[in-house]
Amino acid sequence: MNANPLLARLAPAAAAGLVFLSTATPAMAQNTTAGDVFKNAGPVGWCIMVLSIVALAVIIENIMSLKRDKLAPPEIIDDIEVLFNEEKFQEAMDLCEEEETYFTRVCGAGISKIGHSYDVIEKSLEEMGDEESIKLHQKIGWLSLIANVAPMMGLLGTVMGMVTAFNEIARSQGQANPADLAAGISQALLTTMLGLIVAIPVTAAFAFLRNRLIKTIIESGAIVEDLFERFRPTT
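The following block contains the structure:
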């Protein structure tokens, strides 16, 4: 699945979702609109909003592409098992090359070594399995990055807001009234809140996708191992 068109389609939905989250904040109790929240949060707040759109697009893309049926389609597994039972290994290799999935790439690596010792076949399966697993984990790794960056951006906004507030105190030589400090303090608190609003669900999504991916990889590996068990020498 191409993530770029998906990102374009999901951007409005992500923005709407973020607006909904902001409406649930105490700021809305004072009839403050979502636009006002981001305006008061400053440039950092808008950056966090963009980050949330990217995060939502990555989450949905990974949910769709890292499903069990996508990584190891049952019909492909059945077809390859039939070909293995009939010892039609070349046909099985052709099928693996035609249908590129996690399962077929790992299985194809093993088929290419048929005729060598079982140790060679096993090593080829392990190497390809590790390589494909790393690629899949890199896809969801972006969510971990976003989950860590979002609160750090919120902290940056907090520091910027406090600097603004203290600059106002210095400018007024300590005579600033609370209204003069409100903008800086508001920015400090809003950016922290927005950073956490993004980081918490993204962290949960990352954990869910990682656990589901690990389960799928283990299940697929067991199926591949069972397929090639017939080549293990008997003692």
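Numbering (the numbering used here), first residue to last: 4 to 238.
For every residue, glycine included, the Cβ atom is placed at its ideal position computed from N, Cα and C.
Rounded straight-line distance, which links the Cα of residue j to that of residue i
i      : j      : result
Leu69  : Leu59  : 15 Å
Val162 : Glu103 : 49 Å
Ala63  : Ser115 : Looking at the sequence itself, residue 63 is Ile, so the reference to Ala does not match. Each residue's alpha carbon lies about 35 Å from the other.
Arg108 : Pro77  : 15 Å
Ile66  : Leu146 : 12 Å
Ile149 : Met165 : 24 Å
Leu158 : Phe169 : 16 Å
Asn214 : Asn151 : 19 Å
Glu130 : Met196 : 44 Å
Thr237 : Ala207 : 46 Å
Ile217 : Phe211 : 10 Å
Thr167 : Ser189 : 10 Å
Ile221 : Glu171 : 59 Å
Neighbourhood of residue i by C-beta, 8 Å cutoff - its chain only, sequence neighbours within 5 removed
i      : result
Met156 : Val47, Cys50, Ile51, Leu54, Thr194, Gly198
Pro29  : Confidence at Pro29 is low in this model, with a pLDDT of 47, below 50, so the placement of that residue is unreliable and no value is reported for it.
Glu84  : Leu230
Residue j beta carbon less than 8 Å from that of residue i
i      : j      : result
Ile226 : Ile80  : yes
Ala191 : Gly160 : yes
Phe87  : Leu230 : yes
Asp72  : Leu98  : no
Ile143 : Phe209 : yes
Met96  : Gly111 : yes
Val205 : Ala173 : no
Residue of the options minimising C-alpha distance to residue i
i      : options                       : result
Gly45  : Met96, Gly187, Gly144         : Gly187
Arg235 : Cys99, Asn65, Gln93, Lys126   : Lys126
Glu228 : Met196, Ile217, Gly132        : Gly132
Val61  : Glu171, His140, Gly113        : His140
Glu232 : Glu94, Glu101, Leu128         : Leu128
Glu100 : Gly113, Glu89, Ser189         : Gly113
Ile56  : Ser175, Leu212, Glu90, Ile200 : Ile200
Start-to-end residues for the alpha helix (DSSP H) that takes in residue i
i      : result
Thr119 : For the sequence presented, residue 119 should be read as His rather than Thr. From DSSP, His119 is part of no alpha helix (DSSP H); its letter is neither H nor E.
Arg71  : 71 to 74
Glu78  : 77 to 88
Glu232 : Here Glu232 belongs to no alpha helix (DSSP H), and DSSP marks it neither H nor E.
Glu102 : From DSSP, Glu102 is part of no alpha helix (DSSP H); its letter is neither H nor E.
Contact set for residue i: own chain, Cβ-Cβ below 7 Å, skip 5 residues either direction
i      : result
Leu74  : Thr104, Tyr105, Phe106, Thr219, Ser223
Glu135 : Tyr105, Arg108, Val109
Ser120 : none
Asp122 : none
Residues of its chain near residue i, where Cβ-Cβ distance is below 6 Å and the 5 sequence neighbours each way are ignored
i     : result
Glu94 : Leu86
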